[in-house]
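What follows is a single structure, written as structure tokens, with notes after it.
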Amino acid sequence: MMDLEQRLQNITLVVQGISIPLAVVPEEEPGYRNAVAELNARISEYMANYPDLTKHDSNTPLAVAAVDRAYYLYKKRMANDTEPIMDMVQRLNREVESFLSKHKD
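This is the structure we're talking about:
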């Protein structure tokens with residue numbers, strides 16, 4: 009089996025003019041590039057809709073877009089968190105089994 013470091017591919021991503029060199033698994037490169045394209049699109053939207061964002065700091069649109077994406081991921085993670093539901097299902101199953109065992113003929 010090939011060592012992970014041997015499988016990594018060096019790429020450079022550019023976010024708001026900032027070059028970010030990364031070593032990624034080749035199969036994941038398109039995902040990274042798509043994520044950066046989405047982030048750059050969000051930054052452009054914020055800059056177009058809120059031109060004063062760069063008034064005090066040129067990195068503000070990047071920060072706002074990062075917070076936007078982080079919040080989006082947080083909401084997705086919470087929506088996909090099935091642990092509380094599974095705990096409830098298991099508890100209900102135990103109660104049903106207990107009830108059925110007590111009321112056998």
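So that you can map any letter, position 52 of the sequence shown is 60 in my numbering, and since no number is skipped, the others follow by simple counting.
Just so you know, even glycine gets a beta-carbon here, dropped at the ideal spot from N, CA and C.
What you are looking at is a predicted structure, and each value in this text was computed from that prediction instead of being measured.
Consult DSSP for L16 and reduce its assignment to one of helix, strand or coil. The residue labelled residue 16 in the question sits at position 8 within the sequence shown. If DSSP states are grouped into helix, strand and coil, L16 belongs with coil.
By the three-class DSSP mapping on this structure, what secondary structure does V32 have? Counting from one through the sequence shown, the residue named residue 32 turns up at place 24. Three-state DSSP puts V32 in a strand.
Let me know the secondary structure DSSP gives S27 once reduced to three states. Position 19 of the sequence shown, counted from the start, is the residue given in the question as residue 27. S27: strand per DSSP, three-state reduction.
Pairwise C-alpha distance: I19 and E37: In the sequence shown, the residue the question calls residue 37 occupies position 29. In the sequence shown, the residue the question calls residue 19 occupies position 11. In this structure, the straight-line span from the alpha carbon of E37 to that of I19 is close to 8 Å.
Sheet register partners of L21 (DSSP bridge): Residue numbering aside, residue 21 sits at position 13 when the sequence shown is read from its first letter. DSSP lists I28 as partners of L21.
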